[in-house]
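Notes for the one structure printed next.
Numbering (our numbering), first residue to last: 97 to 242.
This is the structure:
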C-alpha cells in the first residue's frame, strides 16, 4: 500500500502523474565497501568564483536591482573581450600569434611584387574592421599555411 501523496500545486497538476517506486536502501556491505583509495575517482575542485575588478557586481558581469532587473556591469565588456581574445589565441598556431603588419615576415611580403597587393588588401580590411563587420562584410583567407 502506498502512502498518500501530498496536494499538488498548479505546476505539478499540469504534469502527468508518475508512479512512485520503492528503492531498496543500500546494504551495510555496500555502504562499507567504499572504493579503495586507489579506485576512488579524483575530486574536481570547484572553479574559483569570478570577482568584479570594479567591486560593483558579484563577478558575473550583471547588476540585479531590487526589482530583479539586470543591467550590465562596466566590467562585462572587458570580460567579453578577454574571452574572445582567449578563444582566438587558442585557435591560432603559436608561430602566427605575434604576427604584425610592422614586423617580418609581413613587412617583407609588403615589399615583394607578388604579395604586395595582397598585404595591402588585408591591411585595408583590418584598418576598417569594425565598419566592415558592421556592414556584414567578412574576409576569407584561404591557402596553405606558411
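We put the CB at the ideal spot given by N, CA and C, even for glycine. Here the structure is a predicted model, which is why all the values come from computation and not from measurement.
Nearest neighbour of residue i, chosen from the options [CA to CA]
{"i": "residue 214", "options": "226, 155, 187 and 236", "result": "236"}
{"i": "residue 152", "options": "169, 163, 146 and 145", "result": "169"}
{"i": "residue 173", "options": "164, 162, 155 and 163", "result": "155"}
Check whether residue i and residue j have beta carbons under 9 Å apart
{"i": "residue 157", "j": "residue 175", "result": "yes"}
{"i": "residue 185", "j": "residue 193", "result": "yes"}
Residue i versus residue j: straight-line alpha-carbon distance, rounded
{"i": "residue 180", "j": "residue 210", "result": "33 Å"}
{"i": "residue 202", "j": "residue 171", "result": "35 Å"}
{"i": "residue 145", "j": "residue 208", "result": "51 Å"}
{"i": "residue 147", "j": "residue 141", "result": "18 Å"}
{"i": "residue 227", "j": "residue 188", "result": "24 Å"}
{"i": "residue 212", "j": "residue 178", "result": "33 Å"}
{"i": "residue 195", "j": "residue 162", "result": "48 Å"}
{"i": "residue 182", "j": "residue 137", "result": "30 Å"}
{"i": "residue 230", "j": "residue 217", "result": "18 Å"}
{"i": "residue 139", "j": "residue 240", "result": "43 Å"}
{"i": "residue 199", "j": "residue 238", "result": "22 Å"}
Residues of its chain near residue i, where Cβ-Cβ distance is below 8 Å and the 5 sequence neighbours each way are ignored
{"i": "residue 197", "result": "203, 206, 215, 219 and 222"}
{"i": "residue 150", "result": "169, 170 and 171"}
{"i": "residue 234", "result": "228"}
Contact set for residue i: own chain, Cβ-Cβ below 6 Å, skip 5 residues either direction
{"i": "residue 160", "result": "166"}
{"i": "residue 225", "result": "none"}
Own chain, CB closer than 7 Å to residue i, minus 5 neighbours either side, in chain order
{"i": "residue 164", "result": "none"}
Complete beta strand (DSSP E) runs within the segment 131-208 (minimum length 3 residues, chain order): Complete beta strand (DSSP E) runs here, min 3: 158-160 and 166-168.
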